[in-house]
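Here is the structure we will look at, set down as structure tokens.
There are 2 protein chains.
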Amino acid sequence: MTSRPGGSYDGGMREPYPDGMPEPLDPHMFTDCPPVSPPIRLGGKWTAKIIRCLESGPRRFTELQIPLRGITPKVLTESLRAMERDGLLTRTAYDEIPPRVEYELTGLGRSLLEPMNAGCEWSRRHLPDLMRARDAWHAAIP
Amino acid sequence: MTSRPGGSYDGGMREPYPDGMPEPLDPHMFTDCPPVSPPIRLGGKWTAKIIRCLESGPRRFTELQIPLRGITPKVLTESLRAMERDGLLTRTAYDEIPPRVEYELTGLGRSLLEPMNAGCEWSRRHLPDLMRARDAWHAAIP
DNA sequence: CAGTATCCGCTTTGATACTG
DNA sequence: CAGTATCAAAGCGGATACTG
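As they're listed, the protein sequences go chains W and L. Our numbering numbers the first residue of the first sequence as 54 and each following residue consecutively. Our numbering numbers the first residue of the second sequence as 54 and each following residue consecutively.
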């Protein structure tokens, strides 16, 4: 029994990141709430996190990479493009050298914070229950 | 650009199902709300749907298979086991022949309906916006 | 800086067949 | 009925290298 539909897509999560680096964005993100069995997720693996990162204002590509802990440019690009396509954020490219691109939440994207917060609140309230359930399970079937 | 972080896990969704069959459970499920780019998902692919199926009372294994539209027994078992482990539902086996097993939401599982409904409400309210965004995108980059 | 372009691989899901 | 056992196929994200 290796499959965990409750929280498994994160299999390839990379932790190694050059620490000591500044984190311009608040790392307190939605998906950080539930350390066990993420109850609610949004779109792909990064969508919710990106929304949290943009909550307090527009950010640049590289700025997003920092709090997203080593997300590869390919995946970040894909995620941003998808969110742009869905009207969750806007992409503004400034014609400068070096290039500058800023991503900003749209009203639609921002409106997602509400249900996200509902999920977050659920996590806060029921995390102890989840932990207890997990413990009971492991105690019964070790 | 083939990957869509906003709505891709459902890639292998099978539609072919012997119709004419009765559907004992209400097919109006959370994940049915957003026809485009599912905004909020719960755990694995089936978790939210299973919760909806159990909303109005306990159901048997085979009963769940009907509204879940051809989910394979393997995957259904995995999902149910995971949810049982997380304390979202209980599994009760009756020692009869033929065997009977019933699955029922716990209070914890039922409490998830609240954030789920929040996501559902978001979908209802903003589906037009999503559609418009998608249309605009396709109009610009055909 | 802000990406593209390839290649890669585990995880998750599904198909099919078989039991207690 | 309620699963388990295998096998097979994507899915989705990641590593690495390379541009305008």
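Ideal Cβ placement from N, Cα and C applies to all residues, glycine included.
Exercise. Does residue 108(L) have its Cβ less than 9 Å from a Cβ in chain W?
Worked result: Indexing the second sequence from 1 puts residue 108(L) at position 55. No, because no Cβ of chain W sits closer than 9 Å to the Cβ of residue 108(L).
Exercise. Measuring CB to CB, does residue 161(L) end up less than 9 Å from residue 133(L)?
Worked result: Looking up residue 161(L) in the second sequence gives position 108. Looking up residue 133(L) in the second sequence gives position 80. Against a cut-off of 9 Å, the Cβ pair of residue 133(L) and residue 161(L) comes out as no contact.
Exercise. If you draw a straight line from the alpha carbon of residue 105(W) to that of residue 110(L), how long is it in whole angstroms?
Worked result: Position 52 of the first sequence, counted from the first residue, corresponds to residue 105(W). Position 57 of the second sequence, counted from the first residue, corresponds to residue 110(L). When rounded, the distance between both Cα atoms is 36 Å.
Exercise. How would you write the range of the beta strand (DSSP E) that residue 137(L) sits in, first residue to last?
Worked result: For this step, residue 137(L) is matched to residue 84 along the second sequence. Per DSSP, residue 137(L) lies in no beta strand (DSSP E); the unbroken alpha helix (DSSP H) holding it starts and ends at 126-138.
Exercise. Of the residues that make up the segment 144-169 of chain L, which ones have a beta carbon closer than 9 Å to any beta carbon in chain W?
Worked result: 159, 160, 161, 164, 165, 167, 168, 169
Exercise. Listing by chain order, which chain L residues have their CB less than 8 Å from the CB of residue 183(W)?
Worked result: As a first step, residue 183(W) must be located in the first sequence, where it is residue number 130. Near residue 183(W) (Cβ distances below 8 Å), the residues of chain L are 139, 140, 161.
Exercise. Residue 187(W) touches chain L at which residues, Cβ-Cβ below 9 Å?
Worked result: Taking the first sequence and counting its residues from 1, one reaches residue 187(W) at position 134. Chain L residues near residue 187(W): 138, 139, 140.
For this session: Report buried or exposed for residue 147(W), applying the criterion of at least 16 other Cβ atoms within 10 angstroms of its Cβ.
Result: Along the first sequence, read from residue 1 onward, the residue named residue 147(W) stands at position 94. Counting C-beta atoms within 10 angstroms of its own C-beta, residue 147(W) has fewer than 16 neighbours from the protein chains shown and is therefore classed as exposed.
Exercise. With DSSP run on the structure shown, which of helix, strand or coil describes residue 143(L)?
Worked result: The residue you call residue 143(L) lines up with position 90 of the second sequence. Reduced to three states, the DSSP call for residue 143(L) is strand.
Exercise. What are the start and end residues of the beta strand (DSSP E) that includes residue 158(W)?
Worked result: Here residue 158(W) corresponds to residue number 105 of the first sequence, with the count starting at 1. Its beta strand (DSSP E) spans residues 153-158.
For this session: Determine, using beta-carbon pairs with one atom in the segment 161-180 of chain L and one in the segment 163-175 of chain W, whether at least three such pairs fall under 8 Å.
Result: yes
Problem set entry | Collapsed DSSP secondary structure at residue 113(W) in the structure displayed | Position 60 of the first sequence, counting from 1, holds the residue named residue 113(W). In the structure shown, residue 113(W) sits in a strand (DSSP, three-state: E or B).
For this session: Following the continuous alpha helix (DSSP H) through residue 108(W), name the residue where it begins and the one where it ends.
Result: Taking the first residue of the first sequence as 1, we reach residue 108(W) at position 55. Membership of residue 108(W) in any alpha helix (DSSP H) is not indicated, and neither H nor E is assigned to it by DSSP.
Problem set entry | Helix, strand or coil at residue 102(W) according to DSSP, with G and I counted as helix | Position 49 of the first sequence, counted from the start, is the residue given in the question as residue 102(W). Here DSSP, grouped into helix, strand and coil, assigns residue 102(W) to helix.
For this session: Would you kindly check if the distance between the Cβ of residue 117(L) and the Cβ of residue 157(L) is under 9 Å?
Result: Numbered from its first residue, the second sequence carries residue 157(L) at position 104. Numbered from its first residue, the second sequence carries residue 117(L) at position 64. No, Cβ-Cβ distance for residue 157(L) and residue 117(L) is not below 9 Å.
Exercise. Taking DSSP as the reference, what is the three-state secondary structure of residue 185(L)?
Worked result: Reading the second sequence from its first residue, position 132 is the one you call residue 185(L). If DSSP states are grouped into helix, strand and coil, residue 185(L) belongs with the helices.
Problem set entry | Environment of residue 191(L) [buried if 16+ CB atoms lie within 10 Å] | For the purposes of this step, residue 191(L) is identified with residue 138 of the second sequence, where counting begins at 1. The residue is exposed, with fewer than 16 neighbouring Cβ atoms inside 10 Å.
Exercise. Under a CB-based cut-off of 9 Å, is residue 192(W) close to chain L?
Worked result: The residue given as residue 192(W) occupies position 139 in the first sequence. It does not; no Cβ of chain L falls within 9 Å.
Problem set entry | Alpha-carbon spacing of residue 137(L) relative to residue 183(W), whole angstroms | Here residue 137(L) corresponds to residue number 84 of the second sequence, with the count starting at 1. Here residue 183(W) corresponds to residue number 130 of the first sequence, with the count starting at 1. It is roughly 11 Å from the alpha-carbon of residue 137(L) to the alpha-carbon of residue 183(W).
Exercise. Residues of chain L with a CB under 8 Å from the CB of residue 172(W): which are they?
Worked result: Residue 172(W) sits at position 119 when you count from the first residue of the first sequence. Per Cβ cutoff of 8 Å: 93, 168, 171, 172.
For this session: Give a yes or no on whether 9 Å exceeds the smallest Cβ distance from residue 112(W) to chain L.
Result: Counting from one through the first sequence, the residue named residue 112(W) turns up at place 59. Not a single CB atom of chain L sits nearer than 9 Å to the CB of residue 112(W).
Exercise. Cα separation between residue 119(L) and residue 102(L)?
Worked result: Within the second sequence, numbered from 1, the residue matching residue 119(L) stands at position 66. Within the second sequence, numbered from 1, the residue matching residue 102(L) stands at position 49. Distance between the alpha carbons of residue 119(L) and residue 102(L) is about 12 Å.
Problem set entry | residue 96(L) versus residue 95(W): straight-line alpha-carbon distance, rounded | Translated into positions along the second sequence, residue 96(L) becomes position 43. Translated into positions along the first sequence, residue 95(W) becomes position 42. Whole-angstrom Cα-Cα distance: 10 Å.
Exercise. Count the other CB atoms within 10 Å of the CB of residue 54(W); is the residue buried (16 or more) or exposed (fewer)?
Worked result: Residue mapping note: residue 54(W) aligns to position 1 of the first sequence, counting from 1. With a pLDDT of 32 at residue 54(W), under the threshold of 50, the modelled position of this residue cannot be trusted, and the question is left open.
Exercise. According to the Cβ coordinates, are residue 155(W) and residue 163(W) closer than 9 Å?
Worked result: On the first sequence, residue 155(W) is found 102 positions in, with the first residue counted as 1. On the first sequence, residue 163(W) is found 110 positions in, with the first residue counted as 1. Residue 163(W) sits away from residue 155(W), with the two beta carbons spaced by 9 Å or more.
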